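Let me begin by presenting the structure, written as structure tokens, before commenting on it.
Protein chains: 2
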Amino acid sequence: MNSFTEENYLKAIYKLSLNGTQGVSTNAIADELSTKPSSVTDMIKKLAEKKLVSYQKYQGVNLTKKGRDIAISIIRNHRLWEVFLVEKLNFKWDEVHDLAEELEHINTHKLTERLDEFLDFPKFDPHGDPIPDKNGNIIQHKDITLSDLKIGEKAVVVGVKEHSKSYLNYLEQLQLVLGAEVQIQDIVEFDATMRILVNNKQVIISNQASKNLIVKRN
Amino acid sequence: MNSFTEENYLKAIYKLSLNGTQGVSTNAIADELSTKPSSVTDMIKKLAEKKLVSYQKYQGVNLTKKGRDIAISIIRNHRLWEVFLVEKLNFKWDEVHDLAEELEHINTHKLTERLDEFLDFPKFDPHGDPIPDKNGNIIQHKDITLSDLKIGEKAVVVGVKEHSKSYLNYLEQLQLVLGAEVQIQDIVEFDATMRILVNNKQVIISNQASKNLIVKRN
DNA sequence: AAATAAATTTAGATAAGTCTAAAAAAATAA
DNA sequence: TTATTTTTTTAGACTTATCTAAATTTATTT
Numbered sequence: 001m002n003s004f005t006e007e008n009y010l011k012a013i014y015k016l017s018l019n020g021t022q023g024v025s026t027n028a029i030a031d032e033l034s035t036k037p038s039s040v041t042d043m044i045k046k047l048a049e050k051k052l053v054s055y056q057k058y059q060g061v062n063l064t065k066k067g068r069d070i071a072i073s074i075i076r077n078h079r080l081w082e083v084f085l086v087e088k089l090n091f092k093w094d095e096v097h098d099l100a101e102e103l104e105h106i107n108t109h110k111l112t113e114r115l116d117e118f119l120d121f122p123k124f125d126p127h128g129d130p131i132p133d134k135n136g137n138i139i140q141h142k143d144i145t146l147s148d149l150k151i152g153e154k155a156v157v158v159g160v161k162e163h164s165k166s167y168l169n170y171l172e173q174l175q176l177v178l179g180a181e182v183q184i185q186d187i188v189e190f191d192a193t194m195r196i197l198v199n200n201k202q203v204i205i206s207n208q209a210s211k212n213l214i215v216k217r218n
Numbered sequence: 219m220n221s222f223t224e225e226n227y228l229k230a231i232y233k234l235s236l237n238g239t240q241g242v243s244t245n246a247i248a249d250e251l252s253t254k255p256s257s258v259t260d261m262i263k264k265l266a267e268k269k270l271v272s273y274q275k276y277q278g279v280n281l282t283k284k285g286r287d288i289a290i291s292i293i294r295n296h297r298l299w300e301v302f303l304v305e306k307l308n309f310k311w312d313e314v315h316d317l318a319e320e321l322e323h324i325n326t327h328k329l330t331e332r333l334d335e336f337l338d339f340p341k342f343d344p345h346g347d348p349i350p351d352k353n354g355n356i357i358q359h360k361d362i363t364l365s366d367l368k369i370g371e372k373a374v375v376v377g378v379k380e381h382s383k384s385y386l387n388y389l390e391q392l393q394l395v396l397g398a399e400v401q402i403q404d405i406v407e408f409d410a411t412m413r414i415l416v417n418n419k420q421v422i423i424s425n426q427a428s429k430n431l432i433v434k435r436n
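Protein chains in written order, with my numbering: chain F, 1 to 218; chain W, 219 to 436.
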């Protein structure tokens with residue numbers, strides 16, 4: 001068995017390894033987990049001994065197959081619980097992250113599979129992130145964001161790249177939730193601020209906001 | 219915030235204080251939690267500092283109001299999750315204890331209340347144990363057991379006093395589940411073994427088993 | 001009431017995970 | 001290429017929860 005802490009490190013390393021192609025740096029992990037680089041080094045050594053990561057001093061870490069499997073199963077759990085919290089317990093999409101962060105560590109195969117079935121095998125969580133299937137296969141978003149669109153183009157909101165409470169809450173106020181249809185009306189050349197149509201209502205949205213909103217052209 | 223460990227101590231002390239009337243002894247807690255008396259002493263000191271228990275050296279401990287409130291809210295959580303696991307995820311009554319033991323510590327007021335509502339405010343868990351309401355009020359069973367009945371008497375199974383997997387599994391095989399109707403046909407004078415009728419089927423049951431089955435006469 | 005047994009506490013050690021400060025290695029700049 | 005900066009690691013300390021072994025207190029016998 002692995003501790004909650006070990007699992008959180010694996011998850012962080014997994015997440016960070018999606019961006020870069022090389023090994024994940026100590027500082028990046030420390031940042032992601034709000035801890036100190038020295039603590040990270042210690043934990044990496046422990047994970048390396050357990051063959052959950054491969055690691056050479058000063059060269060960053062990579063997950064092994066075993067480590068990646070664990071990370072993915074925790075992500076699966078996390079996202080299934082988020083679906084449960086939103087769909088069954090009526091939480092809002094900006095409220096579920098922290099709770100799911102705790103629930104995800106109750107990592108019992110049988111519980112996960114029963115939950116998956118109870119929720120009718122959802123493919124995406126309430127933020128549009130794909131839920132790995134029970135074999136660990138996971139669809140990766142192509143990540144077209146609102147900011148990639150040109151004037152006149154139409155699209156549907158399918159996810160977010162930023163999960164902070166404040167961002168999610170802001171989007172909800174603008175009715176920019178999953179499934180919302182948008183059309184670009186105007187783009188300010190200077191700072192890429194957009195004027196868009198959401199449910200026939202005009203909305204002004206900054207580049208900071210638009211580049212974190214994942215959409216699908218239609 | 220309190221750690222999982224602290225919460226487990228509070229729960230253990232609460233449980234043990236239901237039996238005896240005096241303070242709960244160090245050894246009893248050690249036994250309940252499968253730990254050593256010296257560890258218990260250490261933890262008790264910590265809980266006493268936090269004003270969760272009252273404690274005088276060598277005199278046993280008692281929960282304070284604050285400590286009891288926490289214990290009861292954890293028990294509430296535990297039992298609500300058990301209902302969820304059995305009713306929504308189709309687990310059997312002998313499978314849910316350990317999972318609920320983990321879920322109970324995700325002790326967020328909002329989650330508990332939403333779960334309670336989702337489950338339609340159940341009054342009893344899958345083993346017949348009463349679920350404390352949101353104010354911490356808890357109905358105490360009168361604890362009439364099958365072994366208290368006389369020949370000819372009829373009753374309904376409403377709970378168990380022993381929660382081991384093997385006992386629960388055994389009961390299920392005999393169809394002695396919650397709501398089952400039983401009638402006493404015969405009692406062996408020597409060792410109180412009973413011959414009873416469960417759903418019109420004859421069953422022989424030892425005193426060890428019958429004295430842990432809570433029933434209600436009808 | 002003294003002797004023995006049982007229960008409880010103390011003292012000191014250990015393991016997990018974290019931290020600060022200092023040292024070492026790697027990356028970048030001059 | 002040497003100097004400087006940044007990143008990473010090491011060394012040593014701290015906290016939480018646990019343990020064993022020894023000491024102390026309380027309970028039970030005789």
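Glycine included, each C-beta is placed from N, C-alpha and C at the ideal position.
Just so you know, these numbers come straight off a predicted model, no measurement behind them.
C-alpha gap between residue i and residue j, whole angstroms
| i | j | result |
| --- | --- | --- |
| W/Q358 | F/D31 | 50 Å |
| W/D287 | F/T108 | 29 Å |
| W/R413 | W/K379 | 20 Å |
| F/A28 | F/Y14 | 12 Å |
| W/K306 | F/K134 | 20 Å |
| F/I131 | F/H78 | 9 Å |
| W/E300 | F/V198 | 43 Å |
| W/V314 | W/K383 | 9 Å |
| F/N207 | F/G20 | 23 Å |
| F/N200 | F/L174 | 12 Å |
| W/N308 | F/R114 | 8 Å |
| F/P122 | W/F336 | 20 Å |
| F/E172 | F/S73 | 29 Å |
| F/D116 | F/L10 | 22 Å |
| W/E319 | W/L265 | 20 Å |
Among the options, nearest to residue i - alpha-carbon criterion
| i | options | result |
| --- | --- | --- |
| F/Q183 | F/L168, F/L176, F/E153, F/T193 | F/E153 |
| W/H345 | W/D287, W/K429, W/L386, W/N436 | W/L386 |
| W/L367 | W/L281, W/A289, W/D404 | W/D404 |
| F/F124 | F/I75, F/T26, F/T145, F/L33 | F/I75 |
| W/I422 | W/S365, W/I432, W/D316, W/A266 | W/S365 |
| F/Y58 | F/E49, F/S38, F/Y9 | F/S38 |
| W/D316 | F/L99, F/N137, F/K110, F/E101 | F/K110 |
| W/V258 | W/K268, W/K269, W/V279, W/Q240 | W/V279 |
| W/A427 | W/L394, W/G285, W/L236, W/P340 | W/L394 |
| W/G241 | W/G397, W/Y273, W/L228 | W/Y273 |
Any C-beta of chain W under 8 Å from that of residue i
| i | result |
| --- | --- |
| F/F121 | no |
Cβ of residue i within 8 Å of any chain F Cβ
| i | result |
| --- | --- |
| W/I324 | yes |
| W/E407 | no |
Report the residues of the stretch 67-89 of chain F with a CB closer than 7 Å to any CB of chain W, ordered along the chain.
-> Listed by position along the chain: K88, L89.
Quick one: which unbroken beta strand (DSSP E) runs of 3-plus residues sit fully inside the stretch 135-218 of chain F? Chain order, please.
-> For the stretch 135-218 of chain F, whole beta strand (DSSP E) runs of length 3 or above, ordered along the chain, are 154-160, 181-187, 194-198, 201-205, 213-217.
In chain order, what residues of the stretch 160-173 of chain F put their CB closer than 9 Å to some CB of chain W?
-> Listed by position, the residues of the stretch 160-173 of chain F near chain W (Cβ gap below 9 Å) amount to none.
Quick one, which residues of the stretch 92-118 of chain F are near chain W if we go by CB-CB under 7 Å, in chain order?
-> Interface annotation for the stretch 92-118 of chain F against chain W: L99, E102, L103, I106, T108, L111, R114, L115, F118, criterion Cβ-Cβ distance under 7 Å.
Curious, which full-length beta strand (DSSP E) runs of at least 3 residues does the stretch 223-275 of chain W contain?
-> Within the stretch 223-275 of chain W, the complete beta strand (DSSP E) runs of at least 3 residues are 271-273.
Ranges of the beta strand (DSSP E) found wholly within the stretch 50-122 of chain F, counting only runs of at least 3 | Taking 3 residues as the shortest admissible run, the stretch 50-122 of chain F contains the following complete beta strand (DSSP E) segments, listed from N- to C-terminal end: 53-55, 61-63.
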